[in-house]
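Peer 1:
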Amino acid sequence: MDWKRFGFIALIIIVLFGTVVMIGQVKQPPVLIITSMLATTIAVATPLTLGALSGVFCERAGVVNIGIEGMMLTSAFFGWLGAIYMFHVFGMGIGISITLGVFFAILTGALMALLHAVLSITFKVDQIIGGTVINILAVGLTGFLNRQLFFGAGSVFGGSVPNSPGVLPTIHIPLREIFTPLCGTSTACLVNLTAINRVFDQKPIAIGAILLVFFSHYILFNTRWGLRTRAVGEHPKAADTVGINVAQMRYLNVLIGGMFAGLAGAYFTIESVPSFEPLLTNGRGFISLAAMIFGNWTPIGAWAASLVFGASQALLINMQIFRDVIPPQWSFLQESYIVGLTPYILTMFILTGIIGKTTPPAADGVPYEK
Amino acid sequence: MQSEKQSNSLTRQILQSVSDASLVPFLAILTAVVVGGVIIKLVGGDPILAYRGLIQGSFGSTKALSETAVWATPYIFAGLAVALAFKGGLFNIGAEGQLAVGAVASSLVGYALPEWLGYDLPIVIHLPLAIIFGVLMGGIWASIVGALKAYTGGHEVINTIMMNYIALNTTSFLLNGVMKDRSPTNVIARTPLIADSARIPPIFDGLRVHWGFVLALLVAFLIWWLLNKTTLGFQIRTVGLNPDAAKYAGINVKRIIILTMALSGMLAGMAGTIEVTGLNYRHELGFSIGYGYDAIAIALLGKSHPLGVVLAAFLFAAMRNGATRMQFLTQMPVDLISMIQAFILLFVAADAIVRYIYRIKAKGERVVLTRGWGG
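In order, the protein sequences belong to chains A and B. When we follow the numbering used here, the leftmost residue of the first sequence carries the number 1, and every step to the right adds one. When we follow the numbering used here, the leftmost residue of the second sequence carries the number 371, and every step to the right adds one.
(1) Where are the alpha helix (DSSP H) runs, 4 residues long or more, that stay fully inside the stretch 372-434 of chain B, in chain order?
(2) Counting contacts by CB-CB distance shorter than 8 Å, is Phe461(B) in contact with chain A?
(3) Hey, would you say Phe151(A) sits closer than 8 Å to Met709(B), going by beta carbons?
(4) Would you kindly work out how many angstroms separate the C-alpha atoms of Phe574(B) and Leu649(B), rounded to a whole number?
(5) Which one or two residues does DSSP pair with Glu654(B) in a beta bridge?
(6) Determine, using beta carbons only, whether Thr108(A) comes closer than 8 Å to chain B.
(7) With DSSP as the reference, label Pro492(B) as helix, strand or coil.
(8) Using only the alpha-carbon positions, how far apart do Ala402(B) and Ile33(A) sit?
(9) Can you check whether the CB of Pro417(B) is closer than 8 Å to the CB of Gly407(B)?
(10) Between Gly140(A) and Phe78(A), what straight-line distance do the alpha-carbon atoms span, to the nearest angstrom?
(11) Taking DSSP's pairing of strands, which residues face Pro572(B) in a bridge?
(12) So for Ile355(A), helix, strand or coil by DSSP?
(13) Only counting runs of 4 or more residues, tell me where the alpha helix (DSSP H) segments fall wholly within the stretch 121-161 of chain A, in order along the chain.
(14) On the three-pair Cβ rule with 8 Å, is the stretch 348-365 of chain A touching the stretch 281-300 of chain A?
(15) Would Asp490(B) pass as an interface residue toward chain A - the criterion being a Cβ-Cβ separation below 8 Å?
(16) Within 10 Å of its beta-carbon, does Ala362(A) have 16 or more other beta-carbons around it, so buried, or fewer, so exposed?
(17) Taking its Cβ as the centre, do 16 or more other Cβ atoms sit within 10 Å of Gly744(B), making it buried, or is it exposed?
(18) Using a Cβ cut-off of 8 Å (strictly closer), state whether Arg147(A) contacts chain B.
(19) Cα-Cα, which of Ala720(B), Asn622(B) and Tyr535(B) is closest to Ala667(B)?
(20) Is the distance from the Cβ of Val20(A) to the Cβ of Asn192(A) below 8 Å?
(21) I'd like to check one pair, Pro299(A) with Val213(A): are the Cβ atoms closer than 8 Å?
(22) Straight-line CA distance for Ala683(B) to Tyr445(B)?
(23) Pull up the CB-CB distance for Thr74(A) and Thr108(A), whole angstroms please, since I reckon it's below 8 Å.
(24) Just curious, the alpha helix (DSSP H) that Gly265(A) is in, first and last residue?
(25) Just the Cα atoms here: how many angstroms apart are Ala304(A) and Leu341(A)?
(26) Determine the direct distance from the alpha carbon of Pro204(A) to that of Thr170(A), and round the result to whole angstroms.
(27) Could you check where the alpha helix (DSSP H) with Trp297(A) kicks off and where it finishes?
(28) Confirm, please, whether the CB-CB distance from Ile528(B) to Phe260(A) is below 8 Å.
(29) With a cut-off of 8 Å on the beta carbons, I'd call Leu114(A) and Leu255(A) a contact; round off their distance for me.
(30) Check the Cβ of Tyr728(B) against every Cβ in chain D and list those closer than 9 Å, keeping chain order.
(31) Tell me the rounded alpha-carbon separation between Met371(B) and Gly430(B).
(32) Using the C-alpha atoms, what's the distance from Thr643(B) back to Ser567(B)?
(33) Which whole runs of the alpha helix (DSSP H) in the stretch 161-202 of chain A are 4 residues long or more, in chain order?
(34) Would you verify that the beta carbon of Gly51(A) is, or is not, closer than 8 Å to some beta carbon of chain B?
(35) Whole angstroms is fine: what's the gap from Pro367(A)'s alpha carbon to Ile723(B)'s?
(36) May I have the straight-line CA-CA distance separating Ser428(B) from Thr647(B), to the nearest angstrom?
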């Protein structure tokens, strides 16, 4: 990640935030708008960040993974289903059910990744086709089970979708409580402090994703594991010669990637909303691949790129909130279908490489033949 | 004597190559059907009854056969679209978007052109116009991705998917706005009905199968001819096999990439166009969803050969068509079909698995699409 790239990311985010502030300022003070938009950006960037991390681990080890979308979708379904089963069928508490749901989602991601690893590493299937198989399988599997388990003959739920036990709670980081004495008697200061605090009050997976970004960076660039991972992705032959087990390293990294994708899936149905609908991932697995590419296969770069996409989604949400105060000459911003194009067009723009060429790992996508 | 012997060995060679090419897909289908049966059993259904319903519903009567052909028509076009791109070394996941754009474009010509002109057009002018416009829009939509690939290296896999979402958003915008059917009872996002002069007539009275089906078979032959008997086809295949070699052989690789994508998009656009002009007589939002993935599965199952694509399209059409009957007999949801299809694709794509199960030796070339990401 060079400064040109970070500059571009900052520019886009400023433009997106600026648009919302300019339109919304007649309704709310800028500080409130910016903080609420930041909070939304961080939250909605979560699955993209995790998806991009998934891609980073797979591709640094030399396995292209376009099945992230399918892994996310399957994990979202099974995480949600697991939580429902624990709660309704096994009668567990709400907290335990939800936690186990997250666990199931991660496990599902790992299992889907195992399939990808078997296809691409053991059977040496073309990795893009293997990923497509995962995506198609995910759509078929979740669509079928979603209907069969709830509406099929002999369903324990007897023809209706039961309520999920709920979503993960927001974790309150007590900035307001700590810094309140600094404000003294000023009410404005207190209002701003509360608004700023809201940016940091995120749900567990969102916070976890950010921690995982830095953790992944450390693992990849400062540990023996990371060195070996990058070695099998750049020059598997050389790695093999010095005694690194190429297939094993690739398998494990793809599995780790699958777990990240699984956690991203849990975001959709356990952290964001407590329900599942077919195709709910809506292309975010693919957008996270673009984030990974723009981030030049580094965790921190990929995170920064995910934030751009998060911000463009936050723009869409805020344009709906400020719908009634959009000036007539900007009326196209009222059309959610048009504003909704932003992340997709941004992705294509970024992939042109105008903002600087990126270099994938040298052996990315190449099966290793001894 | 000598020539008889030669022709004999030639026939045997052809037979050998056909059986080689179809053995693995056949075993893949067989394996997927068995896996599907196990799943049906696991969720408490009767596999035999389900499959009987599937076959009855797709081939059991003249009407069922006609409906299978109706389903097969867009599948053939869309499958050819992906197959042609595969031949050129490109992976077109965007058939869905190109199909939607084609469908919107030809329904616009279908319903709005007579209104703009103020008089009715004869079918010999209106229908070809509607089809050509839809096909062209599909081609233009896809060639954007081709141009990005050729000039910037932006990978077509991500770009075609992004174009799918852009197409979906744009059609939602149009079908909920300027192109919405304004009839008083309508609440869904769809266009008005196209004029009679823009409709493809049915082949037989009382059956829905229309001349678009014959057109699909014709186009399949045309694509075979293009790929195997023309210079352009040779160039497309050469670029697909080895772009570097193609470049040194003096082929304009960039031009071929854009052209391949455009042709592929035109075929996908044709799928949408034919559904509008031959079957639904309008475009409705959400109709195109799922076609892109089905098209990939069909192209892979058909080994990217036009004849294989036609056969695979028939198989998928029969499954989709028979699913309703299966649901009626066994209460198995239609989505089961998607899952069996996913398994077919899994076993076809990972032919190594099938070879491993049935102990068949590997033969022929392997599909290679992953040449690293551009950017």
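Here a beta-carbon is modelled for each residue, glycine too, at the ideal position from N, C-alpha and C.
Peer 2: Here's the rundown:
(1) 372-412 and 417-429
(2) yes
(3) The Cβ-Cβ distance between Phe151(A) and Met709(B) does not fall below 8 Å.
(4) 14 Å
(5) Arg560(B)
(6) no
(7) coil
(8) 53 Å
(9) Closer than 8 Å, so yes.
(10) 14 Å
(11) Beta-bridge pairing links Pro572(B) to His580(B).
(12) Coil at Ile355(A), not helix or strand.
(13) 127-151
(14) Verdict: yes, contact present.
(15) Between Asp490(B) and chain A, the shortest Cβ-Cβ separation is not below 8 Å.
(16) exposed
(17) Any reading at Gly744(B) is ruled out, since the residue's pLDDT is 45, under 50, leaving its predicted position unreliable.
(18) yes
(19) Ala720(B)
(20) no
(21) yes
(22) 5 Å
(23) Beta-carbon to beta-carbon, Thr74(A) and Thr108(A) are separated by about 5 Å, close enough to satisfy the 8 Å threshold.
(24) Val246 to Ala266
(25) Rounded to the nearest angstrom, the two C-alpha atoms are 20 Å apart.
(26) 7 Å
(27) Unbroken run through Trp297(A): none, as it is neither H nor E.
(28) Contact: no.
(29) 6 Å
(30) In the structure shown, chain D cannot be found, because the protein chains are A and B.
(31) For Met371(B), the predicted structure reports a pLDDT of 47, less than 50, and the residue's modelled location is therefore unreliable. The matter cannot be settled from this model.
(32) 15 Å
(33) Along the stretch 161-202 of chain A, the alpha helix (DSSP H) occurs as fully enclosed runs of 4 or more residues at 175-183 and 187-200, listed in sequence order.
(34) Not flagged as an interface residue toward chain B: Gly51(A), since no C-beta distance is shorter than 8 Å.
(35) 16 Å
(36) 23 Å
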